[in-house]
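What follows is a single structure, written as structure tokens, with notes after it.
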């Protein structure tokens, strides 16, 4: 169909097609087909086989090739971690004297009721050359402050856990959209053919809000789904051979299968979707060896294990996740999503009740492992090519309705999410955006989460505007509508 | 409104307008001009100025959203009475479909591929119509049937088979974004959603006229005529269940007006794309970028839903957005089934509670005794199991209540709120109201923005009634050509793996138009004339020579002219959907539980997964027995977790309406299909079944295994190769199991020719 007016849009739909027009299926996407519509058309005309998982060139050169996203489930209190707001302590127990106009919706509503400021119970100190204030809860991370670039006053559109988590994880507060990692893999492919290109390691204590929707491929093909990796036991679902089947036995069964499939392919022998399926079995075979090796930490030195806090029961959980993330990066896995915290209860950052004890507990679990990850990446020369992103679904309120009592907590604030990035071309020590003196919302212009997503993609060499997929009558993007790259944090 | 023509250029078919390429990668902001850089300079200048001019024009027109003088282009034209074209290869014509397909092929000097073999056709038909493979006996019966009408007979037989509904309802459930949970935080259960699933299966099996099917799902509560000053009649159970369609969107904790706006907007967008093939969703915030759907039309359509009334959630259901409505079990035998199961569950619940009480008593006594005696670890485990059991049984009893997750119209003053004002919401934000609008049909179809006539009851006692009915009746009325076109194209897509419009829920400009618009129109007419019978349309399609073509056809001329097979010069080989893969595995192992309808099922998950992704214990109640081996359409659709087996084959629990499935290839598929517990257990059972039926000879066993799994005899070298595998599989206690594993993993098993 040489006069196909926009092949990208059609092909990326991935409709079923004939024997020879395989590109629509195993090969849909075409490495962001809409991104290179014309090129792809030529490629198709020439029947060039493009594997969706093969490494793909970025749109423009960037140092970072991989991304590790650290997602803190429940909503991290920004004013007890990375935002120093001395006025809060000054007005502790009193009404907030000045409420900015741009605090809208539920936040605005709650502020019209009786409320009292809640100061941070933690001390803040300046660190590094950037002289940035970090709370005493993150002593280890504070040593890396000059490598981190912070974003303040990020806004999500809904401040319930479910929609907010999806908004940060997928760019849309409604379920059904592909997660950041799926987009990254769609844009960049994978450089390791023995492991999945997008790996998710959940908190060993349980699932995040929305469950698997957080790492869903949404409307992108299943090829781009996040693969659930377990730190212990069988690392990937169905990775272990069936009981009583040895590697040698499996090998000969796979050989028989390949033989049968090749015969079925027949004389034409050109149906690349069927060929791709033959290759998928070989890949699966290799994955069976690669994945257990990946999670086997016996080759790591005691010093390294200690660096991640594996020797301490409090830090061992997230430490293991972080160490695995480094091992994944070493093996060329594009995107790793680490989830810390579960959706409800004491292991969630959702400290409505006792924010002091909660923050002490959660920060202790992650501070050392995250710092260890940064140290380890850096000394191995991997931080340059790895983008590390700290995220959560929202910030928390700096006030409570009613009176400050014992064990005061903090509620949700979708206007004051704070994130940081490190590695790659991130300008260490930079700060983008700011909240007002009471950390209610952005002091000037709020930063929509899509700007953060655009920046993340940019730091991986992808242009959010051109990373598109045609689905259900619309050209889809991670950032949906016009987003701004936060250039101030790019070196 | 005239179409700003620089935005669109015509294809060969003057009725089909497609967008200019340069517009496609733009973001959905205000229209901007674009131009093709590859054209000669002269053209560029010309196109540029035209673009600019039309852009300004478009901006003015769209802003005022007053579509006057609209020149209707396909698919918005009325259904013309088209005669099938005359073709040269008239000998290949079985029915009118072939005339249209052949005419387009002949224009390129191509023709249809030869007919597929009987063996191929029987497998194709079984998978296509009932989603299961034919047994070896069924294959032989068809292949050896001397009746020249054997094929037509088989089509009729399979359309009458009640497993047809179980296959075809799955497509509709994708469109209806069907799920058994709400998603988001806590992923709360929809205890009664399954009744809608059964309604859809039943509707397909009964060949419920499509117009009735549409009306029931949009306005099932408003169809009863009220005579004179009569009162409202009670809701009928079946349409009450049908209305679940409007409520299946994911939701999170209710938040007042914002939630209502989101809910009604979602209904508007879903109804529009499912029934009309129009993606109006983006017009919620801005005028549609590619189609003539102004924001105002979105809110005019939303106004039909403005009197939707939800019941308040049941006490304790704080995460639910609404409560159920009464809906008796109405299918034949359903009530008896529910009563029996309720009794059974109640008895089990009694036992579990007695057990729990006994443990509590032991614990109590232990506390009081000196020295204190606490429960043993086993007792504690038994107790927690009993607790979980109680929760699950209570959940089942909730599911068995004669109610539906439905909605109704508000009763209006003086009982309930009257008809609220519907306003355009600027940028789609619920708290930024703009102009007031009246309910009206999309102007892109009607050509005007006049208010829709709403026919109230004779005494106008119920001013809030009949709004959704007005919309539903227009959707299926002769004034609207879209409904029949869209459904015909969906049927085509499900039968052929690709629609005549490639994007079945979007007939707009981005769809790229249709490869055979006249064929769609011709069939749409027949669809309406057949009183909207889906089965009549299945027959028409399946009996065509186009459908009976071979998929293994090499024609280098055709490959050059039409690589993508848009013109259908051969049949597309297609991978089975996830559900059909699982069902086919169970069918050949002989362990498929054929029981139809009923509560959601919970097949075993890969080890540990249920624990890892659970939210609470009452969610995935793993069923190790035969109840967990019913067909996949009955699997609990939990939005926070898709069964990995199904997910690797591109099935995801729906969050939004979905018109087509992908067919991707991943190594995880191989792991699931080869290593996974499900596929392996069934391979072992297949081996046992074969041994029982074929006896001890390896050659006979392999022969039967091929016939069972692939519907054909093995060739001599295939038999030899598999015997060799058996001979060398000495480490395995069951030498036939490896062969069965290989067959279930073969491409031929999951691809239908």
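Residue numbers (our numbering), protein chains in the order written: chain A, 1 to 491; chain B, 492 to 1244.
C-beta: ideal position from N, C-alpha, C; glycine also.
- Residue 582 of chain B counts as exposed, since fewer than 16 other C-beta atoms from the protein chains shown sit within 10 angstroms of its C-beta.
- Under the 8 Å Cβ criterion, the region 1225 to 1235 of chain B counts as touching the region 249 to 265 of chain A, having at least three qualifying pairs.
- Minimum Cα-Cα distance from residue 908 of chain B among the listed residues B:797, B:951, B:896, B:845 corresponds to B:797.
- Per DSSP, the unbroken alpha helix (DSSP H) holding residue 627 of chain B starts and ends at 627 to 634.
- Residue ranges of uninterrupted alpha helix (DSSP H) with 4 or more members, entirely inside the region 555 to 618 of chain B and ordered along the chain, are 587 to 598.
- Contact between the region 624 to 636 of chain B and the region 594 to 607 of chain B is absent, with fewer than three C-beta pairs closer than 8 Å.
- Sequence-distant Cβ neighbours of residue 224 of chain A in its own chain, meaning closer than 6 Å and more than five residues away, are 182, 185, 186, 217.
- A Cβ-Cβ separation of about 4 Å places residue 660 of chain B in contact with residue 691 of chain B under the 8 Å criterion.
- Relative to the Cα of residue 180 of chain A, the nearest Cα in the group A:192, A:193, A:191, A:197 belongs to A:197.
- Residue state for residue 856 of chain B is assigned as helix, using DSSP reduced to three classes.
- Restricting attention to A:80, A:423, A:439, the CA atom closest to the CA of residue 381 of chain A is found in A:423.
- Our two residues, residue 754 of chain B and residue 1141 of chain B, have alpha carbons roughly 27 Å apart in a direct line.
- The residue from B:786, B:1043, B:817, B:1111 with its alpha-carbon nearest to that of residue 926 of chain B is B:786.
- Per DSSP, the unbroken alpha helix (DSSP H) holding residue 965 of chain B starts and ends at 958 to 966.
- With fewer than three CB-CB distances shorter than 8 Å, the region 663 to 670 of chain B does not count as touching the region 1022 to 1029 of chain B.
- Rounded to whole angstroms, the gap between the alpha carbons of residue 395 of chain A and residue 1022 of chain B is 57 Å.
- In chain order, 1141, 1153, 1155 make up the part of chain B whose C-beta sits under 8 Å from the C-beta of residue 221 of chain A.
- Residues are counted here when their Cβ sits less than 9 Å from a Cβ of chain B; for the region 247 to 268 of chain A these are 248, 249, 250, 252, 253, 254, 255, 256, 257, 259, 260, 261, 263, 264, 265, 266, 267, 268, given in chain order.
- Taken atom to atom, the span from the alpha-carbon of residue 614 of chain B to that of residue 1189 of chain B is near 25 Å.
- At a cut-off of 3 residues, not a single continuous stretch assigned as beta strand (DSSP E) sits fully inside the region 801 to 841 of chain B.
- The DSSP-derived three-state label of residue 666 of chain B is helix.
- Taking 8 Å as the upper bound on Cβ-Cβ separation, chain A lies near residues 1042, 1043, 1045, 1050 of the region 1023 to 1052 of chain B.
- In the DSSP secondary-structure assignment, residue 148 of chain A is bridged to A:422.
- In this structure residue 625 of chain B is buried. Its beta-carbon is surrounded by 16 or more other beta-carbon atoms within 10 angstroms.
- At a cut-off of 9 Å between beta-carbon atoms, residue 106 of chain A makes contact with chain B.
- The region 1118 to 1127 of chain B makes no contact with the region 1200 to 1214 of chain B, as fewer than three CB pairs between them are under 8 Å.
- Shortest Cα-Cα distance from residue 261 of chain A to any of B:1209, B:1219, B:1218, B:1220 involves B:1209.
- Secondary structure at residue 1171 of chain B: helix, using DSSP grouped into helix, strand and coil.
- Of all alpha-carbon atoms in A:65, A:59, A:61, the one lying nearest the alpha-carbon of residue 333 of chain A is that of A:65.
- Within chain B, 675, 743 have C-beta atoms less than 8 Å from the C-beta of residue 163 of chain A, given in sequence order.
- For residue 749 of chain B, same chain residues with a beta-carbon under 8 Å away, outside a window of 5 residues either side, are 921, 922 in chain order.
- For residue 1238 of chain B, the chain A residues whose Cβ falls inside 7 Å of its Cβ are 261, 264, 274, 277, in order along the chain.
- Between the C-alpha atoms of residue 125 of chain A and residue 430 of chain A there is a straight-line separation of about 17 Å.
- When 8 Å is used as the limit between beta carbons, residue 1209 of chain B is near these residues of chain A: 260, 263, in chain order.
- Using a C-beta cut-off of 8 Å, the region 396 to 412 of chain A makes contact with the region 348 to 358 of chain A, since at least three inter-stretch Cβ pairs fall below that distance.
- Assigned with DSSP and collapsed to three states, residue 896 of chain B falls in coil, not helix or strand.
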